[in-house]
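Scroll down for the structure; my scribbles are underneath it.
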Amino acid sequence: MKRYLRSFFYALSPTNRRILRRVIFSPVDLFFRLLGKNFYNGIKLPLPGEIFTGGGDFLKNGLIYKKYFLELGQLASNEDVLDIGSGLGRMAIPLTDFLDKKSKYEGFDVVKSAVIECQQRISLKFPNFSFQYVSLENDLYTSNGGSASEYVFSYEKNSFDFAWATSVFTHMEQDEVINYLHQARRVIRPGGRFLATFFLMDQESKVSSSNSAYSFKYKIKNTWYMDKKIKGANVAFDKQLLQAWAFDAGWKDISIYPGSWSGRSGPTTDFQDIIVFQ
Ligand SMILES: C[S@@+](CC[C@H](N)C(=O)[O-])C[C@H]1O[C@@H](n2cnc3c(N)ncnc32)[C@H](O)[C@@H]1O
2 MKRYLRSFFY ALSPTNRRIL RRVIFSPVDL FFRLLGKNFY NGIKLPLPGE IFTGGGDFLK
62 NGLIYKKYFL ELGQLASNED VLDIGSGLGR MAIPLTDFLD KKSKYEGFDV VKSAVIECQQ
122 RISLKFPNFS FQYVSLENDL YTSNGGSASE YVFSYEKNSF DFAWATSVFT HMEQDEVINY
182 LHQARRVIRP GGRFLATFFL MDQESKVSSS NSAYSFKYKI KNTWYMDKKI KGANVAFDKQ
242 LLQAWAFDAG WKDISIYPGS WSGRSGPTTD FQDIIVFQ
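Right, here's the structure in full:
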């Protein structure tokens, strides 16, 4: 049953998927609207039916990542930051009461409506937070646009101290991720850090994930996919290859914090694997 629902969902266009979600969640959204308490630092949070950027508690997850940014990425309040695939501002909102007013926050995303939402909800109150729409194709999120494998980030070299891509490379293809590793390296200042999340395949996660609810059934060349038709649904990469791409892009130091997604043994940090590049 779950499989058929999934196939039906993925047969829709990205826009229609978002509309369907709003319809299904409309009773929940009504309840949230009546409660009227869905705010953080004066910013209205998106309603459950509007959140197309992943499950779980929107605010709680944003606050957890704020902690990772500080503890794993050594983010300081006077730094300039870049949010790659900023979505509905899940990571931006909790940072509005952390970053100094003089610090620059830049976010970009391929879903125009999400960028407009962030501009209206966040930038109007916090003018040092800017969001930019870029027209790129991604079969999970957009129907058309240019190729992310050739996209040149619209920021000058050495513009930021810290950048992140949370749950973004888990929806992108190999050549796109390779390009983004190069682009991030270019726009981050020497001494800066880049935190990104992945599904990494190594000996253990290959075995542990194969029988779990989170299994990547389709392998094409070096990439594992969860859905055959919508490749961006969930994407996993070989851990060693990923590290080689990062070194090739100019990153010198790579710290990996394994996630629990595959059901692996031993300590884990979050659901997805986290990497901090320096
Ligand atoms: C699972 S959501 C995560 C959003 C946000 N990073 C967060 O953690 O809440 C993935 C996001 O990546 C965006 N995205 C997909 N392909 C992209 C690309 N090539 N460049 C930038 N953003 C992209 C999607 O539009 C979507 O907002």
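Per the working numbering, the sequence shown starts with residue 2, numbered consecutively. Each residue gets a CB set at the ideal place from its N, CA and C atoms; glycine is no exception.
Item	Value
Contact defined as beta carbons within less than 8 Å: I believe residue 75 pairs with residue 194. What is the distance between those atoms, to the nearest angstrom?	6 Å
Tell me the rounded alpha-carbon separation between residue 197 and residue 242.	15 Å
Is residue 16 close to ligand 1? I mean its beta-carbon at under 7 Å from any heavy atom of the ligand.	no
Can you say whether residue 240 is buried or exposed, counting buried as having 16 or more other CB atoms within 10 angstroms of its CB?	buried
Are there any heavy atoms of ligand 1 lying less than 7 Å away from the beta-carbon of residue 149, as far as the coordinates show?	yes
Taking only three categories from DSSP, how would you classify residue 201?	strand
Going by the DSSP bridge assignment, what does residue 236 pair with across the sheet?	226
Measure the alpha-carbon distance for residue 225 versus residue 233 and round it to whole angstroms.	11 Å
Can you tell me which of 91, 104, 101 and 96 puts its alpha carbon nearest to the alpha carbon of residue 116?	91
With burial defined as no fewer than 16 other Cβ atoms inside 10 Å of the residue's Cβ, what is the status of residue 275: buried or exposed?	buried
Compare the C-alpha of residue 148 against each of 81, 159 and 178 and name the closest.	178
Using a Cβ-Cβ cut-off of 8 Å, state whether residue 137 counts as contacting chain C.	Among the chains in the structure shown there is no chain C, since it carries only a single protein chain.
Would you say residue 188 touches ligand 1, meaning its beta carbon is less than 7 Å from a heavy atom?	no
Taking a contact to mean a Cβ-Cβ separation below 8 Å, would you say residue 112 touches residue 142 in this structure?	yes
Identify every run of the beta strand (DSSP E) within the region 59 to 146, keeping only runs that are complete inside it and at least 3 residues long; order them along the chain.	82 to 85, 106 to 110 and 130 to 134
Quick check: what's the CA-CA separation for residue 60 versus residue 94?	8 Å
Return the CA-CA distance between residue 158 and residue 124, expressed in angstroms with no decimal places.	24 Å
Just how far apart, CA to CA, sit residue 137 and residue 191?	28 Å
Taking DSSP as the reference, what is the three-state secondary structure of residue 220?	strand
To the nearest angstrom, report how far apart residue 77 and residue 173 are at their CA atoms.	29 Å
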